[in-house]
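Student: Okay, handing you the structure first.
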Amino acid sequence: MASSEAESPGQDRHPRASGSLLRISADLKNLAAVRRFIRDGAGSLERDEDAFQALTQAVDESLTNIVVHGYRGQPGFIEIELSRAGDSLVVCLRDQAPPFDPTAVPSPDVTVPLEKRPPGGLGVHLTRRLADRISYRPTPQGGNELTLEKRVFKPPRGKGSGSPT
Amino acid sequence: MEITTTQEQGRVPVTVFRLKGELDAIFAGKLREQSREAIAAGTRHLLLDLAEVPYIASAGLRAFQEIFNLLREDSVDKGDTALQQGLRDGTYKSPHLKLLNPTRLAVEALSTAGFDMFLEIHHSLKEAVASY
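In order, the protein sequence lines correspond to chains U and Z. All residue numbers for the first sequence refer to the numbering used here, where the first residue is 1 and numbers rise by one. All residue numbers for the second sequence refer to the numbering used here, where the first residue is 166 and numbers rise by one.
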């Protein structure tokens, strides 16, 4: 059982504003550490807090799916890479679980009464609504790479949409 | 992540859980466990204060679904035909489980999942307690 902190291999204790990497064991207890990593890594640039929280939730949903449905409780690692693209924050998740494309999951019927709701599909459905862009590719090593992107930074005043620093 | 419990007295006793933190899979497990315990100890009316929950993940929504069902199964009105019809039509809102002051993202998750059709959302503790 992993501790409440992220495990150390490859972990950057002091993430930079862009291009920083965190490696965690596939354990739901590490979700809080990932939230801290994203918050620290996003730096002090002026941002839209609602949009930032929405991206954080999208990452939360995706990681939960990787742990629960990808690794199915088996030990494994997940890499979280953070970068900036213009006004957007980009979070790339890599794992070695069996190939699974969450962008291909159909949306659930959300009009069914709560008593009769089948489980599943809700996390992916929410992720689609929360992120501006989601892309998936199987990695050459046989794992998965899911990239979530959302515009969270406010453009610098008088400079239009701005550019990466 | 923490849950503070208080008891309010309206027409009926209402148990209030004040949640603090992102309602992720781990926090959802804690909420399910604490709700089961409260229901086993006699709670019939539960109000979840969500003012300090930045977002509700799908695991949190599933916890709401479980609590909703537990409180439904426990209620005397289960066999009522008008109620069964209401459930089918989506016009039924739980008289047992209600929500207080959800944040913007939490409201979005509730409406994206269609949960706002079944759960009342209140913006004042006093009104929420009086509504049971």
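Glycine included, C-beta positions come from ideal geometry on N, C-alpha and C. The model shown is predicted, which means the values in this text are computed figures rather than measured ones.
1. Using alpha carbons as the reference points, say which of Z:GLU217, Z:GLU187 and Z:LEU212 lies closest to GLU292 (chain Z).
2. Quick check on the DSSP output: the beta strand (DSSP E) that includes ASN144 (chain U) runs from which residue to which?
3. I'd like to know if ARG35 (chain U) contacts chain Z, where contact means its C-beta is closer than 8 angstroms to some C-beta of that chain.
4. Tell me, to the nearest whole angstrom, how far the beta carbon of VAL179 (chain Z) is from that of VAL272 (chain Z); I am working on the premise that it is less than 8 angstroms.
5. Decide if PRO140 (chain U) is buried, meaning its Cβ has at least 16 other Cβ atoms within 10 Å, or exposed.
6. Using beta carbons (cut-off 8 angstroms, strictly below), is TYR297 (chain Z) in contact with chain U?
7. Can you tell me whether SER200 (chain Z) is helix, strand or coil according to DSSP?
8. Please list, in chain order, all residues of the same chain as LEU235 (chain Z) whose beta carbon is under 8 angstroms from its beta carbon, the five residues on each side excluded.
9. Compare the C-beta of THR103 (chain U) with all C-beta atoms of chain Z and state if any pair is closer than 8 angstroms.
10. What did DSSP end up calling PRO178 (chain Z) once you bin it into helix, strand or coil?
11. I'd like to check one pair, PHE233 (chain Z) with SER259 (chain Z): are the Cβ atoms closer than 8 angstroms?
12. From the DSSP output, in three-state form, read off PHE52 (chain U) for me.
13. Go ahead and pull the three-state DSSP assignment for ILE95 (chain U).
14. From the DSSP output, which residues share a beta bridge with LYS185 (chain Z)?
15. Comparing C-alpha positions only, which one of U:ASP132, U:ALA32, U:GLU145 and U:SER25 sits nearest to ALA85 (chain U)?
16. Measure the C-alpha to C-alpha separation of PRO113 (chain U) and PHE283 (chain Z) and round it to an integer number of angstroms.
17. Using a Cβ-Cβ distance cut-off of 8 angstroms, determine whether HIS69 (chain U) contacts chain Z.
18. Nearest-angstrom Cα distance between HIS125 (chain U) and THR170 (chain Z)?
19. Taking the beta strand (DSSP E) that SER223 (chain Z) falls in, what are its first and last residues?
20. Taking a Cβ distance cut-off of 7 angstroms, strictly less, list which residues of the segment 186-214 of chain Z are near chain U, in chain order.
21. Rounded to the nearest angstrom, what separates GLU145 (chain U) and PRO75 (chain U) at their Cα positions?
22. By Cβ distance below 8 angstroms, which residues in the same chain neighbour VAL34 (chain U) in space, the five residues on each side in sequence not counted?
23. Check the Cβ of GLY279 (chain Z) against every Cβ in chain U and list those closer than 7 angstroms, keeping chain order.
24. Measure from the C-beta of ALA2 (chain U) to each C-beta in chain Z and report whether the shortest distance is under 8 angstroms.
25. Which of the residues in the segment 221-235 of chain Z, read from start to end, lie with their CB under 9 angstroms from any CB of chain U?
26. Return the first residue and the last residue of the beta strand (DSSP E) that LEU262 (chain Z) is part of.
Tutor: Once the coordinates are examined:
1. Z:LEU212
2. 144-151
3. yes
4. With a Cβ gap of about 21 angstroms, VAL179 (chain Z) and VAL272 (chain Z) do not count as contacting.
5. exposed
6. no
7. helix
8. SER200, ARG201 and ILE204
9. no
10. strand
11. yes
12. helix
13. Reading the sequence as shown, one finds Asp at residue 95 (chain U) and not Ile. Strand.
14. Z:GLU167 and Z:GLU217
15. U:ASP132
16. 8 angstroms
17. no
18. 32 angstroms
19. Where SER223 (chain Z) is concerned, there is no enclosing beta strand (DSSP E), although the alpha helix (DSSP H) it sits in stretches over 223-238.
20. GLU187, ASP189, ALA190 and ILE191
21. 18 angstroms
22. ALA6, LEU22, ILE24, VAL59, ASP60, LEU63 and ILE80
23. VAL110 and THR111
24. Note on ALA2 (chain U): pLDDT 37, under 50, position unreliable in the model; the coordinate value appears next. No - not a single Cβ of chain Z is within 8 angstroms of the one on ALA2 (chain U).
25. ILE221, ALA222, SER223, ALA224, LEU226, ARG227, PHE229, GLN230, PHE233 and ASN234
26. 262-265
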